[in-house]
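Chemist:
In the numbering used here, the protein residues as written are 165 to 379.
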């Protein structure tokens, strides 16, 4: 059983990155007034930087589809420790999370969504001032690039919030204290939930085997 949270999120991020590049091309070739182009250019640049560094941080931690560390009780002191040889790169106490932390990524995503939405007038001014004579398909592509950015930002936030709500619905509010949501990598709760389910299934199988042996 595998969680597709990170695969879906990476697809949305790629879509958003492409939309930002298209919109940047629109700004570079637009004849709109400078006072309209400048703030949009700054927002576009900051959005690209945020998205790029988030993906770089994920890549530095290791594959985004790898599960976090499994833990087993230590035989000596009973403390939970990672299973040797199963901890993927980027899990454990040495991991450095900043842009990929759930609360930070969600907060920045909402901030960028609000800012992009606030500059819709400037965006339409840029489109209306674009060099005439473009083909119909090109004009349509340019006109929807702005909405694609908003759609990508909203999709990232909606996916994370929706997954958190489902996670809390299955595990209750005490799941917030398990460290899978706040302070953890975005989406870790989804992978951790799969691990717990697999561990429970393995435990049930082992219990059933023992019962058959002594029955």
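The C-beta atom is built at its ideal place from N, Cα and C for all residues, glycine as well.
Go to residue 350, then tell me how far its alpha helix (DSSP H) extends in each direction, as first and last residue.
Modeler: Taking the first residue of the chain shown as position 1, residue 350 is located at position 186. Neither: residue 350 is in no alpha helix (DSSP H) and is coded neither H nor E.
Chemist: Okay, do the stretch 169 to 178 and the stretch 321 to 332 touch, 3+ Cβ pairs below 8 Å being the bar?
Modeler: Counting Cβ pairs under 8 Å, three or more are found: they touch.
Chemist: Can at least three beta-carbon pairs, one atom from the stretch 195 to 203 and one from the stretch 269 to 276, be found at a separation below 8 Å?
Modeler: With the cut-off at 8 Å, the stretch 195 to 203 and the stretch 269 to 276 do not touch.
Chemist: Could you check which residue in 184, 189, 221 and 312 has the C-alpha nearest to that of residue 265?
Modeler: By 1-based counting over the chain shown, the position of residue 265 is 101. For residue 265, the nearest C-alpha among the options comes from 221.
Chemist: Name the one or two DSSP bridge partners that residue 265 has.
Modeler: The residue given as residue 265 occupies position 101 in the chain shown. Note: residue 265 sits in a beta bridge opposite 349.
Chemist: How close, in whole Å, do the beta carbons of residue 191 and residue 180 come, if the pair is a contact with beta carbons under 8 Å?
Modeler: Working through the chain shown from its first residue, we reach residue 191 at position 27. Working through the chain shown from its first residue, we reach residue 180 at position 16. That pair is no contact at about 16 Å.
Chemist: Using C-beta distances below 6 Å, list every residue in its chain close to residue 310, excluding the 5 sequence neighbours before and after it, in chain order.
Modeler: Here residue 310 corresponds to residue number 146 of the chain shown, with the count starting at 1. Excluding residues within five positions, the ones whose Cβ falls inside 6 Å are 287.
Chemist: When you compare only the Cα positions, how much space is there between residue 270 and residue 331?
Modeler: The residue you call residue 270 lines up with position 106 of the chain shown. The residue you call residue 331 lines up with position 167 of the chain shown. Near 16 Å, if we compare the C-alpha coordinates of residue 331 and residue 270.
Chemist: Using 10 angstroms around the beta-carbon of residue 337, count the other beta-carbons present and answer buried if the total reaches 16, otherwise exposed.
Modeler: Stepping through the chain shown from its first residue, residue 337 is reached at position 173. Burial call: exposed.
Chemist: To which residues of the same chain is residue 279 closer than 7 Å at the C-beta, ignoring the five residues directly before and after it?
Modeler: Along the chain shown, read from residue 1 onward, the residue named residue 279 stands at position 115. 207, listed in sequence order.
Chemist: Leaving aside the five residues before and after residue 319 along the sequence, list all residues of the same chain whose C-beta is less than 6 Å from its C-beta, in chain order.
Modeler: On the chain shown, position 155 is the one that residue 319 refers to. Around residue 319: 176.
Chemist: What span of residues does the alpha helix (DSSP H) with residue 197 cover, start to end?
Modeler: As a first step, residue 197 must be located in the chain shown, where it is residue number 33. That residue, residue 197, is in no alpha helix (DSSP H); it is neither H nor E in DSSP.
Chemist: Which class does residue 257 belong to by DSSP, given the choice of helix, strand or coil?
Modeler: Residue mapping note: residue 257 aligns to position 93 of the chain shown, counting from 1. Note that residue 257 has pLDDT 43, beneath the 50 cutoff, so the model's placement of it is unreliable and no number is given.
Chemist: What would DSSP say about residue 292, mapped onto helix, strand or coil?
Modeler: Locating residue 292 in the chain shown gives position 128, where the first residue counts as 1. Residue 292: helix per DSSP, three-state reduction.
Chemist: In the structure shown, what three-state DSSP assignment does residue 333 receive?
Modeler: The residue you call residue 333 lines up with position 169 of the chain shown. Of the three classes helix, strand and coil, the one that applies to residue 333 here is helix, per DSSP.
Chemist: Return the CA-CA distance between residue 312 and residue 186, expressed in angstroms with no decimal places.
Modeler: Translated into the one-based positions of the chain shown, residue 312 becomes position 148. Translated into the one-based positions of the chain shown, residue 186 becomes position 22. Distance between the alpha carbons of residue 312 and residue 186: 10 Å.
Chemist: Rounded to a whole number of angstroms, what is the C-alpha to C-alpha distance between residue 216 and residue 285?
Modeler: Start at 1 with the first residue of the chain shown, and residue 216 comes out as number 52. Start at 1 with the first residue of the chain shown, and residue 285 comes out as number 121. Taking the straight line joining both Cα atoms gives about 27 Å.
Chemist: Which residues in the same chain have their Cβ closer than 8 Å to the Cβ of residue 184, if we skip the five residues on either side of it in sequence?
Modeler: Here residue 184 refers to the residue found at position 20 when the chain shown is read from its first residue. Here the set comprises 208, 211, 212, 215 and 313.
Chemist: Relative to the alpha-carbon of residue 263, which residue among 193, 306, 225 and 341 has its alpha-carbon at the smallest distance?
Modeler: Along the chain shown, one-based indexing puts residue 263 at 99. Cα-wise, what sits closest to residue 263 is 225.
Chemist: Does residue 327 pass the burial test, meaning 16 or more other C-beta atoms within 10 Å, or should it be called exposed?
Modeler: As a working mapping, residue 327 is identified with position 163 in the chain shown. Under this definition residue 327 is a buried residue.
Chemist: Distance, Cα to Cα, residue 317 vs residue 267?
Modeler: On the chain shown, position 153 is the one that residue 317 refers to. On the chain shown, position 103 is the one that residue 267 refers to. If I take the Cα positions, the gap works out to 15 Å.
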